Each structure stands twice: as C-alpha cells, then as structure tokens.
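Under the numbering used here, residue 622 is the last one in the sequence shown; the count climbs by one each step, no gaps.
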Amino acid sequence: MKKTAYLCITALILSFTLKPSTVNAAASPVQETAKTSNHTAGIKQEQPGTLEEPAASEKPAPSEKPAASEEPAPSEEPAPSEEPAPSEEPAPSEEPAPSEEPAPSEEPAPSEEPAPSEEPTAEIPVQLLGANAAEKTVTLKWDNVNNAEEYVVFFLKNKTWIEISRTQETTGTFSLAGYGTKNSFKICSYNSEQRQTGESSEIKVLIPAKIKKLQTTAYSKTKVKLNWKAAKGADSYYIYGKQDGKKYKLIKTVKKTDARLNIKDKKNYRFKIVPLFKSTLGTIAGTASETSYKNTEFVSMGHQKYTYSEMCSDIQSLCKKYSEYVSYETIGYSEKGRKIYDVILGDKEADHTILVVSTLHAREYIATVVCMKQLEYYLLNYNKTVDGKKLSDIFSNCNVHYIMMANPDGVIISQTNKARWKGNANGVNLNRNFPYAFKRDGSPKDGSYSGKKAASESETQAIVSLTKKLNKTQTLAVVSYHAMGQIVFGDYGGKNQKLRSDITNMYKIARNTTGYSSAANYGGTSNGNYREYLTYKMKVPSVTIEVGSVSCPVPKYQYASAFNRNKLLILREAAWLENNF
C-alpha cells in the first residue's frame, strides 16, 4: 500500500513538470541571445576621425577607410540542455531538487570599428618636382598604385579635408594659401569599384615670404656684413654674390638673419638673399631680395662746386653702405622746398650728442665738403682705434647729428648765379635770424639782412626745432662750421661758471686740434647769431669754426687741408662730452 502510494505521487510530479502549459513567461537563453544579436546588427558603427562624412556620391576623405559591407554574424545559439531524469528512489525526507537551466552561451561584443577592407591600403610616395614663388604654386609627383582608376587630391582647410582635384595622372600643380603659411595635402587612389586603395602621408609645404630690409654694413675695406628681417616661413637662407656684372655664385647657406662676407677693396658687388623652407619632400625657395654694394669712398673733394644734389646722393650712399652706424631724417624744408637733412652718426639712443651745423651762409659750402668727408672718415674707421680711441665705443655713448647744408637754396644761388651770395632764397642772413638779441637790420642784397622777424625763415625754424629737441633728450654741445679765416670762436661773457668751463674746454680742443687762431679780435655783430642763441638763451656750450684762408667761395685746393685739420675735431669733442657729463 505504501509502495503504491509512493509510485502515484512520483508519477504526478513528473506529469506536472513536463506539461507545456505550465512553463514560465521568461524567455529562454536561446531566445534572449537572438534578440541581442538582432538589435546589435541594426546599429551603424561610425569611423573614428575628424573629417566630415562625404555624401553618398563622393569618395571618402583621405584618412577614412571604407566600412565593411556586412555586419559580423552573431554566434550560433546553443542547443538546450537536457534535464536530468529524477532518481528512481529518492529519499522520502528530501525535496526533489529543481532542475538547473543551462548557462547562456557568451555572445561576442560588437566591434567598435568596421571590419577592414579585404584589400590593404597602399602608402603612396610623393615627390616635390618644383615650386613657383611668384605664382604661389607647387608641383607634386606620386607613384602609380596598381589597379588605381584615379587619384583624388585633398587640401586641409579649417581642419577639414577638402577635395580639390581628381586626375588619372601622377603629377599635378597646386596653388598655396599664401606666403609663409603651411599648406597640407593628401593624395588617395581609388579602383574601378570606387574603393580606396592607397593614401599618401600628409604633405606639408609652404613658400617663404620675401625678406625685407636687406642692409649692408662695411666692417672694413675687405669685409662687409649683410643683415635682413626674418622672412615668414623661412628656416634658412641662400646668400649669392657677384662682382662687377659677373654671374651670381652661391656663397653660403645660413640660418641666421645676418652674415659677414669677404670682399675686395674698390670693387662693386651685388648680393641676393633667397629665403628657404625645408619640407619633408625637399627645399622650397621663396622670392629673392637683392642689394648693391659699392666698396669705395663717395665724398669727392676733387671739384669746386660740391652741390646739394651731390650731397643728397652721398648721404644716401653712406647710409646704405654703413646702415648700422648712420641714418638720416628730414627735419624741415628750405624756403624753396628743398629738404634739410639731419644725419645721425652712432647710437640714436646715446645719452650725449654733438650737433654740427654747417653752411648757414650760402657761399661757405666748403664747410659742407669738410663735414661730409669727416663723416665718411669716421664711418671708414668705425671699428678701428683712432687717436687712441675706439670709434665704435665713443659713438655708441655720444652720437653726432650733422646738418650738412643748412641753406641749400642759397648754395644753389651761389654755385649757379651769384658766387658771393650769402643769404637764403629770400636774401636773409640766417646767422642774423635766430631768436636771441634779434634786431631787424640790413639789406637782402649785401647779405646782412636779418629778416622781418626772429626765426622768420623755414631754415632757421628747422635748426631751432632740432636744437630744442636734442637739448631736452640728451646732453648737448654744438659745433658750427663757417668759412673763412681759420679761426675759432669760443668767448662767453655770462656768469654761469659751469657753462663758461664747458665752452672753454670745447674751445681749447678746437684750437689744439685745428691749429686755428683765436677769433677774439674778429668783431662783428651778435644780433640774432646762432652761437649766442645757444650760449645765452639755451645755455648750451658751443664753438664756431671758420675754415679756409681766402675769400669765399673757398677754392677746392683748400678742401683737403681744411679736412685734415678738422677730421679729428668732432671725435675729440664727443670724447670730452662723454667723459665729463
């Protein structure tokens, strides 16, 4: 009886367990796996990269690879595991153990990137065939890729690759964005199925901008320095040179923006600087800049009439040849509109300065010749020791401002019409027109005319303006050159002991250097005089030098003698000023 009851209970349990209508609503592992796989297959994987995705009709950008045409197939579902049969005779006290469901098979995670193309992408080597600096173009050549139907050239703009060319050729000329700016290209190949088969590395090229401010500075008769402003995009420079019309030769390649070159005395040269950019494909040259260089002296004392035009040309030539040491500015205009120049020797930022004013009187243009030759002498020897002094040291601490021809209109009248003319174009004696003790006097015809009022003339105004400017910014002393008499003015009747001492020192230096006599008994008027204006109104120490020994215009045979007596004067006055203030 007990056995029969036991068998009945067992049969009842088995029938309940195997009946389909009693299965839970939860999906089986096989079904869940199928759902996950189907969901994953519907997601499109994006390619990594920053380029914009092309339209369906366009080729992909160069760094993108084509996506695989099929999604990875999901793994097969595992077969359901069989449930274990119940034991024939379970112990009556034990509950029947619930059957264990089989663990679901692990499904592979979907790949983050699409499967690679079956055909590998080839690296396309690229060469630089040339560059045209004037047209801002480069010409590239690349290797042929097997089975390539065409090549597409991309240009990087605003961090996006833009297609600029399609071709079946393996060369092309392409425009660049601008001088000194890097341009990036890529070249991709595609087969007949519009599938990318090759890609170059990023090609970075540029054409350097043209250099500016190419200058020369003579260090000696056999050495010159070239310097220029760095060209945008250039990492080095070719320096070419040629002598007296010969062909250019490459002298050297430099990375700096200056170079010292050996030259021959009394020879003319021309130099050319080419900016370079060295890309991974080769060297790209920009537009050359050229300059001439005359290794000669410019100021001539071999003729009588040293003209205003000649002076202007010599000033420009000296400033070009010795660009680091000398420069000029326009400080005003004559009554007829001619420029009045201020030529600056030495460091413009020096704390001390000597102002040299020459040729206030028209017929005294020998003073212009002397001062111009004096300036050239200092430039020729700028890096040498002269009179026990290294000129570069003196003029770096005390510069010199030269007004070479204060009365250009009057000089032209004297040289072309009236040799004995003294005044400016209005007949005004400029050395009677300054704003100190001014007195209206004289006649325009005889060179004694003071003008209608103090500083009425444009030439006077230019000199006064520069004098005031220098006196405010630097320690100032003035030397004024006239002709004739071979004498030195250096008297002072005021009570300022310091000023008296300074004038006395300048006066002694002038007399000892030139060998000229004292002008104490010279006489004449001081009304509107420039030196008196400096001494008594501006409180600036000053001396006046009269060169030449015969009546003006002084003949040319005295030019060399006047220069030799005065060539060291400004150097010595500058050394004194620097050491005592």
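Think of the CB as a built atom: it goes at the ideal place given N, C-alpha and C, for glycine as much as any other residue. All values derive from a computational prediction rather than experimental measurement.
Fully contained in the segment 529–603 are the following alpha helix (DSSP H) runs of length 4 or more, in chain order: 538–555.
Comparing C-alpha distances from glutamine 237 to each of Lys245, Lys262, Ala271, Tyr192 shows the shortest one belongs to Tyr192. Where serine 358 is concerned, the enclosing alpha helix (DSSP H) starts and stops at 349–362.
The residues Arg301, Leu302, Asn303, Ile304, in chain order, have a CB closer than 8 Å to that of lysine 264 in the same chain once the five nearest residues on each side in sequence are set aside.
Per the coordinates, the alpha-carbon of threonine 348 lies some 60 Å from the alpha-carbon of glutamine 168. Relative to the Cα of lysine 480, the nearest Cα in the group Ile385, Ser497, Tyr289 belongs to Ser497.
With respect to the 9 Å criterion, alanine 460 and proline 596 are not classified as neighbours on the basis of their beta carbons. Of the residues assessed, leucine 170 falls on the exposed side of the cut-off, its CB having fewer than 16 other CB atoms within 10 angstroms. Of Val581, Ser592, Ser375, the smallest CA-CA separation from histidine 523 is found for Ser592. Straight-line measurement puts the Cα of arginine 473 at about 19 Å from the Cα of methionine 445. Going by DSSP, leucine 416 is part of the alpha helix (DSSP H) stretching over 407–421. Three or more pairs of CB atoms, one per stretch, sit closer than 8 Å, so the segment 434–445 contacts the segment 384–394.
The beta carbon of lysine 580 sits closer than 8 Å to those of Asn537, Leu540, all from its chain and outside the five residues before and after it, given in chain order.
The straight-line gap separating the alpha-carbon atoms of lysine 254 and leucine 247 is approximately 22 Å. Assigned with DSSP and collapsed to three states, asparagine 309 falls in strand. Given a length threshold of 4 residues, each whole run of the alpha helix (DSSP H) inside the segment 426–488 is given here in chain order: 432–438, 449–457. Taken through DSSP and simplified to helix, strand or coil, threonine 514 comes out as helix. Boundaries of the beta strand (DSSP E) harbouring glutamate 240: 237–240, taken from the DSSP string. Below 8 Å, too few C-beta pairs join the segment 512–530 and the segment 483–495 to call them touching: fewer than three.
In this structure, asparagine 336 lies near lysine 262, with their beta-carbon atoms less than 9 Å apart. Within a 10 Å sphere around the beta-carbon of histidine 402 sit 16 or more other beta-carbons, which makes this residue buried. Sequence-distant Cβ neighbours of aspartate 428 in its own chain, meaning closer than 8 Å and more than five residues away, are Leu609, Leu612, Arg613. The Cβ atoms of lysine 313 and glutamate 331 lie closer than 9 Å to each other. DSSP places leucine 170 in the uninterrupted beta strand (DSSP E) bounded by 167–173. Apart from sequence neighbours up to five positions away, the residues of its chain that approach lysine 425 with a beta-carbon distance below 7 Å are Leu432, ordered along the chain. Taking 9 Å as the cut-off, the beta carbon of tyrosine 443 is found no closer than this to the beta carbon of serine 506.
Residue Thr585 holds the alpha-carbon nearest to the alpha-carbon of tyrosine 533 among Gly323, Thr585, Glu417, Phe215.
If you check the CB distance, alanine 175 and threonine 324 do not come in under 9 Å.
When the alpha-carbon of isoleucine 280 is set against those of Lys287, Leu291, Ile550, Asn553, the nearest one is in Leu291.
For isoleucine 203, the enclosing beta strand (DSSP E) covers residues 201–208. Every unbroken stretch of the beta strand (DSSP E) spanning 3 or more residues and falling wholly within the segment 257–301 is given here in chain order: 264–270, 277–284, 290–295. Bounds of the beta strand (DSSP E) holding isoleucine 372 are 367–374. Residue nearest to arginine 606 within the set Ser558, Asn199, Lys251, Glu619 is Ser558 (criterion: CA-CA distance). Judged by DSSP in its simplified three-state form, leucine 181 adopts strand.
The criterion of a C-beta distance shorter than 9 Å is satisfied by phenylalanine 604 and lysine 414. Residue state for asparagine 424 is assigned as coil, using DSSP reduced to three classes.
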